[in-house]
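Letter 207 of the sequence shown, counting from 1, is numbered 537 in the working numbering, and no numbers are missing.
These notes are about the structure you will find just below.
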Amino acid sequence: SVENNWGRDELVYHIKIKVPPDPPSLSVINTYTDSLLLEWLDNRNGGSPILSYVINYKRENGDWEEIQIDSKTNTHLLVNLWCGTKYQLYITANNKIGTGLPCDIVHSQTKGLPPVQPKHSQMITHNSTSVTCWLDSWGDGGCGILHFSVENRIYGRSQWVMISKHVDATERVYTVAELQPATKYQLRVTAHNNAGSTMAIYNYTTLTVAGVMVHPDLTNPVSPHLGDNPFYANFKVLLPLFLSILILFALIAAALLIRKRKLNNQNRIPSTSMSESPSIANIQNKHNRDQQYLAVRAQQNSRNSNSVDSGSFKAEGNEYVEDICPYATFQLNKQTYSESSYSGNVYSGPYHSSNSQCEKPRTDPEKHKSVSSNAPAFVFSLHIKEKKFSPPNYLHQPCP
């Protein structure tokens, strides 16, 4: 609007905006073995008349294809499709402005099934050296069969022998020759069409050379349920086998561990006994060292002449105790002491060679200690229930 001193004026413009059409609503109203009947409904045209439609479709695992449809219709029969195959579809609308957005993808499938296998009696006949396959006995499942593949093997073996990878569907009969007489075989035939593939396995036994039929159980003892893979590739066989081996190794390891522990415990028992012996010996030594050896010493002195008085004997007895105090003594079961029966003792004392001279009794304890401590070595003696007790030489030898 415009306004001044002389008046006011106003101008109005009407603008109409045009856009591409909205996506139509697509649906499949009927299916056939090789076609689909489609129908769609228009939505807003965007301000401009719709000129055409474009239908895009593709089969499963295929490439996208498109077809243009005139705007005067809202149905279309999509032909030349694969039988028994899944399809994806969507539609777009066009006007002068351009192409609108696509609708949501619609999923559908043509009618038809994979091939249908025939019975054993309808499929094969055999003699002693060949087997004949009657391929025309297969059902096409509503879709035409494209081709066959034929394989054969001796019953029980893991590998199949490919006889023919592509046998045309127009062939009614196919023969596998050069077989062994009186042998059990397996025949595997696979039929293919657009809807899929069907595999069938047939067991048969060739006749003998004389043309006599052999009972199947007499030709091969292998189980008829044997699969294509060997037994060691079967998970149901491998898992129990692996677990059994694992448990066996675990039991062996446990047995070895228990045996090792028992041996270790047995080796500890002697060392424990040896470690306890010194404490027992010390107790017995402390209790008996004064009594036994003083008694032996006193008896020895009574056998000798009265050259040693009681005072010197006492001193010498004390010195003798001092000589043996640092060493272990053991007392055995007590018995009445005599020349024919002696109460056994384990004692140790200074070593004196047989050539050494008897030493006179010492009255100086300190001097005697120094001599005893300088002794070159010590002996360990045990006298148990001897017929006649023989004291060491240094006790019997009279002193001058």
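Where a beta carbon is used, it is the ideal one built from N, C-alpha and C, also for glycine.
Practice task
Compute the beta-carbon to beta-carbon distance between A521 and T538, rounded to the nearest angstrom, for a pair I have assumed lies under 8 Å.
Solution key: On the sequence shown, position 191 is the one that residue 521 refers to. On the sequence shown, position 208 is the one that residue 538 refers to. 32 Å between Cβ atoms; not a contact.
Practice task
Give the secondary structure of Q452 by DSSP, where H, G and I count as helix, E and B as strand, and everything else as coil.
Solution key: The residue given as residue 452 occupies position 122 in the sequence shown. Helix.
Exercise for the section: Please state if the CB of L419 and the CB of I385 are separated by a distance shorter than 9 Å. Expected result: Position 55 of the sequence shown, counted from the first residue, corresponds to residue 385. Position 89 of the sequence shown, counted from the first residue, corresponds to residue 419. Closer than 9 Å, so yes.
Handout entry: the region 480-488 in contact with the region 432-452 per 3-pair CB rule at 8 Å
Key = no
Practice task
State the Cα-Cα distance for the pair I435 and W370, rounded to the nearest angstrom.
Solution key: In the sequence shown, residue 435 corresponds to position 105, counting from 1. In the sequence shown, residue 370 corresponds to position 40, counting from 1. A straight-line Cα-Cα distance of about 13 Å links I435 and W370.
Problem - Extent of the continuous beta strand (DSSP E) run through H406 - result: Position 76 of the sequence shown holds residue 406. 405-408 is the extent of the beta strand (DSSP E) around H406.
Problem - DSSP three-state assignment for V519, whether helix, strand or coil - result: Translated into the one-based positions of the sequence shown, residue 519 becomes position 189. Note: V519 maps to strand in three-state DSSP.
Exercise for the section: Measure from the alpha carbon of Q510 to the alpha carbon of each residue in Y534, V409, E340, then state which is nearest. Expected result: On the sequence shown, position 180 is the one that residue 510 refers to. Proximity to Q510 across Y534, V409, E340 peaks at Y534, based on C-alpha coordinates.
Practice task
With DSSP collapsed to three states, give me the class of L578.
Solution key: Taking the first residue of the sequence shown as 1, we reach residue 578 at position 248. Reduced to three states, the DSSP call for L578 is helix.
Problem - Three-way DSSP call (helix, strand, coil) for V567 in this model - result: As a working mapping, residue 567 is identified with position 237 in the sequence shown. V567 falls in the helix class under three-state DSSP.
Practice task
Check whether the region 414-432 touches the region 386-406, taking contact to mean three or more Cβ pairs, one atom from each stretch, closer than 8 Å.
Solution key: yes
Problem - Separation of I359 from V349, as counted between CA atoms - result: For the purposes of this step, residue 349 is taken as residue 19 along the sequence shown, with counting starting at 1. For the purposes of this step, residue 359 is taken as residue 29 along the sequence shown, with counting starting at 1. V349 and I359: Cα-Cα distance of roughly 30 Å.
Handout entry: Boundaries of the beta strand (DSSP E) in which E508 is found, first to last residue
Key = For this step, residue 508 is matched to residue 178 along the sequence shown. Premise fails: E508 is in no beta strand (DSSP E) and is neither H nor E.
Practice task
Rank H437, Q516, L367, R589 by C-alpha distance to the C-alpha of T455 and give the top, closest one.
Solution key: Residue 455 sits at position 125 when you count from the first residue of the sequence shown. Taking only the C-alpha atoms, the option nearest T455 is Q516.
Exercise for the section: Identify, in the order they occur along the chain, each residue of the same chain with its Cβ nearer than 6 Å to the Cβ of S438, setting aside the five sequence neighbours on each side. Expected result: Counting from one through the sequence shown, the residue named residue 438 turns up at place 108. V358, L366, Y417.
Practice task
Could you tell me if V466 is buried or exposed, where buried requires 16 or more neighbouring beta carbons within 10 angstroms of its beta carbon?
Solution key: Within the sequence shown, numbered from 1, the residue matching residue 466 stands at position 136. Looking at the sequence itself, residue 466 is Asp, so the reference to Val does not match. Classification for D466: exposed.
Exercise for the section: Give the straight-line distance between the Cα atoms of N595 and R589, rounded to the nearest whole angstrom. Expected result: The residue given as residue 595 occupies position 265 in the sequence shown. The residue given as residue 589 occupies position 259 in the sequence shown. Distance between the alpha carbons of N595 and R589 is about 10 Å.
Problem - Cβ-Cβ distance between L287 and C433 below 9 Å - result: Missing from the structure shown is residue 287; the chain here goes from 331 to 730 and no further.
Problem - Nearest-angstrom beta carbon gap, V519 and A530 [assumed within contact, 8 Å] - result: Counting from 1 along the sequence shown, the entry for residue 530 is found at position 200. Counting from 1 along the sequence shown, the entry for residue 519 is found at position 189. Confirmed, Cβ separation roughly 5 Å.
Problem - Residue burial classification, W336 (beta-carbon count within 10 angstroms, cutoff 16) - result: On the sequence shown, residue 336 is found 6 positions in, with the first residue counted as 1. So W336 ends up on the exposed side.
Problem - 9 Å Cβ cutoff met for A499 and P444 - result: Mapped onto the sequence shown, residue 499 falls at position 169. Mapped onto the sequence shown, residue 444 falls at position 114. No, the Cβ-Cβ distance between A499 and P444 is not below 9 Å.
Problem - Sequence-distant residues of its chain with Cβ nearer than 8 Å to L581 (five each side left out) - result: Taking the sequence shown and counting its residues from 1, one reaches residue 581 at position 251. For L581, where only same-chain residues beyond five positions count, there are no Cβ hits under 8 Å.
Handout entry: Terminal residues of the beta strand (DSSP E) in which T363 lies
Key = Numbered from its first residue, the sequence shown carries residue 363 at position 33. Run containing T363: none; DSSP gives neither H nor E here.
Practice task
Answer yes or no: do I399 and Y383 have a C-beta to C-beta separation smaller than 9 Å?
Solution key: Here residue 399 is taken as the residue at index 69 of the sequence shown, counted from 1. Here residue 383 is taken as the residue at index 53 of the sequence shown, counted from 1. Yes, Cβ-Cβ distance for I399 and Y383 is below 9 Å.
Problem - Simplified DSSP state of I435, which is helix, strand or coil - result: Within the sequence shown, residue 435 is the residue found at index 105, counting from 1. Three-state DSSP puts I435 in coil, outside helix and strand.
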